[in-house]
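Notes follow the structure.
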Amino acid sequence: MNKLNDNQTVPVRKGEDFDRKAMRNYLAENLPDFPNEELKVEQFNTGFSNLTYFIRSGDWEAVMRRPPAGPLPPKAHDMKRESDLLSRLHPVFPLVPKPYLFCEDTEVIGVPFYVMERKQGVVLNDKFPTGFTATNELRIGISNEVVDALAKLHTVDYEKVDLAKFGRPNGFIERQVQGWTNRYMKYKTDDILYVDELAKWLNSNIPESQYASLIHNDYKLNNMLFSPDFTKVEAILDWEIATVADPFFDLGGALAYWLEPDDPDYLKESLPTVTTEPGFLKRSEFIQKYAIQTGFEIPPMNFYIAFMYFKLAVALQQIYYRFKVGQTDDQRFAGFIVRVRNLMRSAYEVAQTEKY
113 MNKLNDNQTV PVRKGEDFDR KAMRNYLAEN LPDFPNEELK VEQFNTGFSN
163 LTYFIRSGDW EAVMRRPPAG PLPPKAHDMK RESDLLSRLH PVFPLVPKPY
213 LFCEDTEVIG VPFYVMERKQ GVVLNDKFPT GFTATNELRI GISNEVVDAL
263 AKLHTVDYEK VDLAKFGRPN GFIERQVQGW TNRYMKYKTD DILYVDELAK
313 WLNSNIPESQ YASLIHNDYK LNNMLFSPDF TKVEAILDWE IATVADPFFD
363 LGGALAYWLE PDDPDYLKES LPTVTTEPGF LKRSEFIQKY AIQTGFEIPP
413 MNFYIAFMYF KLAVALQQIY YRFKVGQTDD QRFAGFIVRV RNLMRSAYEV
463 AQTEKY
């Protein structure tokens, strides 16, 4: 989904273009009042999973999502699942883009795809834009917007909007822990402190879920679009791994990314974020506000945060493994093992604390 402004799109990358005439004809046949003009296409220069394009014809514009080319794992890159989620969620949670249509006919561009509303906004990563002055009041406001949006998502009646079958909340955390532990062992390259003890601790301390909610499953600042003055969340993007599960899994993930000024340098270097600037809510304040907004009784959060650092470390380890065994020579990945060590250390330290 679009995380960028117009000047951050790029020409379509080699091997990732499609039959534009066929796409234009399909849109003209299936969307009322579609302009009789050339379809112009650019590509968003982020993401390594599903491919995202900015498409426009005259004054009409939208975002198109499609899977990458080549053989795909079963159930991965499911365009219908994404489109169905947005269709059912948008009427009650308009921070998701409104889908316009889903096409499963692979004769059009070779793969299924869907087209949705183009949300406008600005992404906030590890710092504010050059020349923008942020006050402590603004940082508090951003914090409140982020918490409020998460609380609203988790209190959506997912059964009422026909999303009850969108996930399997029973046993979700067990499956996550076992799956990511097994994945690490499959892609292990180096001996890293803490990993064995941490994996045992995670498998032995799986919390019993008290609630089930629709969760984003990758809730963080740079998966959001803000208004240009950063006073409002305009959209939440990248819903491809959303599911129905324990809402504290989502809360823990958000808190793992939500770093504080006093966090260790090795963690801040591994997960750079603007929330280390003074004025943003502390994690404890984030939790307190979330509890008030949802009415949920919040358990100790150290398991959820520790698991998120573990999961992020494993995801980086998978990429580093490709570099280590020569599947890629991309030098950006050479230093990923340092981040893996740092995140494993962070996970271990969170697991040992009563702080959360």
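Sequential numbering of the sequence shown, starting at 113, is according to our numbering.
All C-beta atoms in this analysis are idealised placements derived from N, C-alpha and C, irrespective of residue type, glycine included.
On the criterion of 16 or more Cβ atoms from any shown chain inside 10 Å, does residue i qualify as buried, or is it exposed?
{"i": "LEU305", "result": "exposed"}
{"i": "PHE160", "result": "Residue placement at PHE160 is poorly supported in this model, since its pLDDT is 49, which falls under 50; the coordinates are not used for a value here."}
{"i": "ARG444", "result": "exposed"}
{"i": "ALA181", "result": "exposed"}
{"i": "VAL316", "result": "Residue 316 is actually Ser in this sequence, not Val. With fewer than 16 Cβ atoms within 10 Å of its Cβ, SER316 is classed as exposed."}
{"i": "SER339", "result": "exposed"}
{"i": "ARG395", "result": "buried"}
{"i": "PHE244", "result": "exposed"}
{"i": "ALA446", "result": "exposed"}
{"i": "THR301", "result": "exposed"}
{"i": "LYS231", "result": "buried"}
{"i": "PRO185", "result": "With a pLDDT of 45 at PRO185, under the threshold of 50, the modelled position of that residue is not reliable, and the figure given next carries that caveat. Exposed, by the Cβ-count rule."}
{"i": "GLN322", "result": "exposed"}
{"i": "ASN142", "result": "exposed"}
{"i": "GLU320", "result": "exposed"}
{"i": "THR465", "result": "exposed"}
{"i": "PHE130", "result": "buried"}
{"i": "GLU175", "result": "Looking at the sequence itself, residue 175 is Val, so the reference to Glu does not match. The residue in question, VAL175, is buried, as its Cβ has 16 or more Cβ neighbours within 10 Å."}
{"i": "GLY233", "result": "buried"}
{"i": "VAL437", "result": "exposed"}
{"i": "PRO373", "result": "exposed"}
Under 7 Å Cβ to Cβ from residue i, same chain only, skipping five residues before and after it: list those, please.
{"i": "ALA463", "result": "LEU310, TRP313, ASN414, ALA418"}
{"i": "TRP172", "result": "PHE146, PRO147"}
{"i": "GLU194", "result": "ARG177, TYR226, TRP351, GLU352"}
{"i": "GLY391", "result": "ASN248, ARG251, ILE252"}
{"i": "VAL452", "result": "ILE304, ALA425, LEU428, GLN429, TYR432"}
{"i": "LYS380", "result": "LEU371, THR388"}
Return the chain-ordered list of same chain residues with a C-beta closer than 6 Å to the C-beta of residue i, the five sequence neighbours on each side being excluded.
{"i": "THR136", "result": "The residue you asked about is not Thr; residue 136 is Arg in the sequence shown. Within the same chain, ARG136 has close Cβ partners LEU151."}
{"i": "LYS467", "result": "none"}
{"i": "ARG200", "result": "VAL273, ASP274, LEU275"}
{"i": "GLU216", "result": "PRO224"}
{"i": "ASN237", "result": "ASN334"}
{"i": "THR267", "result": "THR406"}
{"i": "GLU154", "result": "THR121, PHE166"}
{"i": "MET420", "result": "GLY364, GLY365, ALA368"}
{"i": "TYR460", "result": "TYR306, LEU310"}
{"i": "VAL208", "result": "LEU198, LEU201, HIS202"}
{"i": "ALA246", "result": "PHE240"}
{"i": "ASP458", "result": "One point to set straight first is that residue 458 is Ser, not Asp, in the sequence displayed. Hits under 6 Å: LEU379, TYR421."}
{"i": "LEU455", "result": "SER382, TYR421, LEU424, ALA425"}
Going by alpha carbons, who is nearest to residue i out of the options?
{"i": "ALA366", "options": "GLU381, THR387, GLU346", "result": "THR387"}
{"i": "ARG178", "options": "ASN148, PRO206, THR218, ILE404", "result": "THR218"}
{"i": "TYR432", "options": "LYS423, VAL450, PHE214, GLU141", "result": "VAL450"}
{"i": "TYR299", "options": "PRO147, ALA425, LYS394, SER458", "result": "ALA425"}
{"i": "ILE399", "options": "GLN430, LEU363, LYS239, PRO384", "result": "LEU363"}
{"i": "LYS332", "options": "ILE285, GLU397, ARG168, VAL235", "result": "VAL235"}
{"i": "MET170", "options": "VAL452, LYS133, PRO147", "result": "For the sequence presented, residue 170 should be read as Gly rather than Met. The option with the nearest alpha carbon to GLY170 is PRO147."}
{"i": "PRO412", "options": "GLY233, TRP292, ILE318, SER382", "result": "ILE318"}
{"i": "VAL220", "options": "TYR138, ASP196, ASP129, HIS202", "result": "TYR138"}
{"i": "TYR416", "options": "PHE284, ARG125, VAL204, TYR212", "result": "PHE284"}
{"i": "PRO144", "options": "VAL204, ARG457, TYR212, LYS133", "result": "TYR212"}
{"i": "ALA354", "options": "SER458, ILE404, LEU262, PRO123", "result": "LEU262"}
{"i": "MET191", "options": "VAL204, PHE205, PRO206, PHE214", "result": "PHE214"}
{"i": "LYS265", "options": "TYR402, VAL437, ARG295, GLU397", "result": "Correcting the residue identity first, residue 265 is Leu in this sequence and not Lys. Selected option, being the one with the closest Cα: TYR402."}
{"i": "LEU349", "options": "PRO123, MET228, PRO373", "result": "MET228"}
{"i": "ASP358", "options": "ARG125, ARG287, ALA140", "result": "ARG287"}
For residue i, which residues from the same chain have a beta carbon less than 8 Å from its beta carbon, with the 5 sequence-adjacent residues on both sides left out?
{"i": "PRO183", "result": "Below a pLDDT of 50, predicted positions are generally treated as unreliable, and PRO183, at 47, falls in that range; no measurement from the model is reported."}
{"i": "VAL356", "result": "TYR270, LEU275, ALA276, PHE278, GLY279, ARG280, PRO281, ALA324, SER325, LEU326, ILE327"}
{"i": "LEU163", "result": "GLU128, GLN155, ARG177, ARG178, PRO179, PRO180"}
{"i": "PHE205", "result": "LYS264, LEU265, VAL268"}
{"i": "ARG434", "result": "THR440, PHE445"}
{"i": "PHE448", "result": "LEU428, GLN429, ILE431, TYR432, PHE435"}
{"i": "ASP375", "result": "THR388"}
Under 7 Å between C-beta atoms, does residue i make it to chain D?
{"i": "ILE410", "result": "In the structure shown, chain D cannot be found, because there is only a single protein chain."}
- [ ] Note down, one range per segment and in chain order, each beta strand (DSSP E) of at least 3 residues found wholly within the stretch 317-387.
- [x] 325-327, 336-338, 345-348, 355-357
Open item on the list: Three Cβ pairs or more, each shorter than 8 Å: is that satisfied between the stretch 343-358 and the stretch 255-264?
Closed with: yes
TODO: Quick one: which unbroken alpha helix (DSSP H) runs of 4-plus residues sit fully inside the stretch 190-221? Chain order, please.
DONE: 191-201
Task: Whole runs of the alpha helix (DSSP H) within the stretch 272-313, excluding any shorter than 4 residues - done: 284-298
TODO: Go through the stretch 220-269 residue by residue and report every complete run of the alpha helix (DSSP H) that reaches 4 residues or more, in order.
DONE: 248-266
Open item on the list: For a minimum of 4 consecutive residues, which ranges assigned as the alpha helix (DSSP H) are wholly contained in the stretch 416-468?
Closed with: 448-463
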